């Protein structure tokens with residue numbers, strides 16, 4: 045191995061450190077929309093817009109995981125990954141994450157049909173979520189798996205959110221089952237994906253692809269909140285055809 | 045024909061009127077970013093961000109048209125449509141629209157390589173433009189053609205823009221060849237596509253698909269300006285990794 049290759053090659057521990065370092069830089073816990081949420085400064089109408097739009101993201105998660113499942117030729121990988129689909133779609137008896145998200149949206153005052161129809165979601169959110177499907181469909185399998193690693197960063201954000209939503213929006217407390225479940229699901233899933241990525245991203249090129257996929261996924265999460273902030277906080281201009289909080293919306 | 049079908053069926057003239065009515069409702073001439081541009085209120089740095097980001101849109105237009113070309117089984121249609129690819133890619137001697145857009149971006153003070161590398165474009169713009177490729181790839185051929193009909197609305201916007209850019213940003217005047225060409229190209233293209241859509245959208249369902257595709261295309265244009273406004277006007281928060289106007293940027 046030449047000195048140049050030694051310099052370029054990233055050791056597994058260093059790759060893990062570089063993946064983890066993307067969180068403080070780009071993960072959406074830093075986004076001003078979340079900061080307003082956690083300070084109790086969002087109105088009920090703004091929380092409705094958030095729940096409605098993020099429903100689209102939640103609804104494609106099991107589809108995203110099925111795409112990843114369909115691309116693996118390794119039965120052991122598929123057995124591990126299919127847990128995610130069950131977590132989100134449920135088992136027919138116990139509700140999964142998508143159903144729990146609908147319950148959260150209902151707790152904001154939206155109707156189930158209004159949420160599941162996808163009417164009024166922001167085009168910017170729609171495009172960002174579809175970009176996630178593109179990423180896991182069209183990029184390398186390594187990138188598809190690495191893009192899930194935002195779950196490395198989600199536990200702290202979810203724990204904070206549960207606490208602050210209960211504190212600032214007590215009328216939402218009955219709708220937080222989604223987040224309670226994610227407190228344990230996300231770290232388990234992240235640990236499996238992290239081990240897999242570190243094992244399979246061996247060359248410098250592969251490692252850069254994995255890092256780039258995690259950054260790209262952070263961008264996808266961030267762009268959804270940019271669109272929500274622009275439409276519903278400041279300047280507060282929902283595009284033609286998008287959801288407008290109704291007269292029943294009350295300031296928190 | 046039953047009375048119900050008579051009510052649902054849209055006559056060609058009415059379809060044309062409904063397509064044209066989408067412009068005043070949803071076309072991006074109404075967007076606040078364009079209004080600031082035409083009032084001379086954008087800084088050079090904001091115009092750079094616009095030119096840089098819209099370059100990605102311009103660069104995929106010939107790819108979008110090649111996808112449409114690839115989906116037509118009618119040689120006469122293909123002969124008419126291929127003009128668009130020549131308009132944007134040039135003939136190897138005379139520059140096409142993409143090259144002219146680079147000249148516009150250079151007139152704002154950006155370097156050619158900075159523009160064509162696509163470094164720093166907003167994720168929100170990237171996703172919206174990719175949504176256009178999705179629309180022409182995955183939806184019906186009728187919808188793919190109908191999505192081009194925003195060109196029905198572009199001539200007035202381009203004429204206004206040429207006038208206002210010359211007036212408010214005289215240092216940009218050497219870079220306006222793109223818009224000069226579009227003044228004649230866009231109406232020719234729009235007339236062909238409009239006639240084709242009216243001839244081929246015969247059932248109420250087909251007509252609704254055509255109308256929906258034109259609305260979806262308006263959303264794609266609008267979302268790009270939402271992302272630009274949010275990142276570079278107000279609140280003025282470019283996401284991690286996006287273009288920041290450099291120290292050389294001067295207020296207009």
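Residue numbers (my numbering), protein chains in the order written: chain A, 45 to 296; chain B, 45 to 296.
Backbone N, C-alpha and C fix where the C-beta goes; we use that ideal spot for every residue, glycine too.
Since the model is a prediction, treat every value here as computed from it, not as a measurement.
- A straight-line Cα-Cα distance of about 24 Å links residue 103/A and residue 86/A.
- The segment 219-235 of chain A makes contact with the segment 122-141 of chain A: 3 or more CB pairs, one atom from each, lie closer than 8 Å.
- At the C-beta level, residue 158/B and residue 272/B stay beyond 9 Å of one another.
- Pairing residue 170/B with residue 264/B gives a Cβ-Cβ distance that is not under 9 Å.
- The C-beta distance from residue 92/A to residue 289/A rounds to 6 Å, short enough to fall under 8 Å.
- For residue 174/B, the chain A residues whose C-beta falls within less than 9 Å of its own C-beta are 171, 174, 175, 178, listed in chain order.
- Between residue 208/B and residue 83/B, the C-beta spacing is below 9 Å.
- Neighbourhood of residue 68/A in chain B, by CB distance below 7 Å: empty, with the nearest CB roughly 11 Å away.
- With 16 or more other CB atoms across the displayed protein chains lying within 10 angstroms of its CB, residue 153/A is buried.
- Residue 223/A is outside the set of residues whose beta carbon lies under 9 Å from a beta carbon in chain B.
- The beta carbon of residue 278/A sits closer than 9 Å to some beta carbon of chain B.
- The segment 142-156 of chain A and the segment 245-262 of chain A do not touch, with fewer than three beta-carbon pairs separated by less than 8 Å.
- At the C-beta level, residue 197/B and residue 71/B come within 9 Å of one another.
- With a beta-carbon spacing of about 5 Å, residue 164/A and residue 286/A fall inside the 8 Å limit used to define contacts.
- In the three-state scheme derived from DSSP, where H, G and I count as helix and E and B as strand, residue 60/A is classed as helix.
- Distance between residue 270/B and residue 77/B, taken at the CA atoms: about 8 Å.
- Secondary structure of residue 165/A (DSSP, three-state): coil.
- Annotation for residue 184/A: 253 place their beta carbon closer than 7 Å to its own, counting only its chain and skipping 5 residues before and after.
- Under the three-state reduction of DSSP, residue 241/B is assigned to helix.
- Excluding sequence positions up to five before and after residue 237/A, its CB lies within less than 8 Å of the CB of 189, 190, 192, 193, 195, all in the same chain and listed in chain order.
- Residue 99/B places its beta carbon 9 Å or farther from that of residue 54/B.
- The beta carbon of residue 261/A sits closer than 6 Å to the beta carbons of 191, 194 from its chain, once the five residues preceding and following it are set aside; these are given in chain order.
- Under the 9 Å criterion on CB atoms, residue 56/B is classed as non-interfacial with respect to chain A.
- Within the segment 119-138 of chain A, contact with chain B at the beta-carbon level (separation under 9 Å) is assigned to no residue.
- Rounded to whole angstroms, residue 132/B and residue 120/B show a C-alpha spacing of 20 Å.
- At least one beta carbon of chain A lies nearer than 9 Å to the beta carbon of residue 168/B.
- Counting along the chain, residue 255/A sits inside the alpha helix (DSSP H) bounded by residues 248-276.
- Residue burial is scored here from C-beta neighbours: residue 257/A has at least 16 other C-beta atoms within 10 angstroms and is therefore classed as buried.
- The three-state reading of DSSP puts residue 85/B in coil, since its state is none of H, G, I, E or B.
- Taking 9 Å as the CB threshold, residue 264/A lines the interface with chain B.
- In its chain, beyond the 5 residues on either side, 121, 189 have a beta carbon closer than 8 Å to the beta carbon of residue 240/B.
- Close to residue 271/A, with beta-carbon spacing below 9 Å, are these residues of chain B in chain order: 168, 267, 270, 271, 274.
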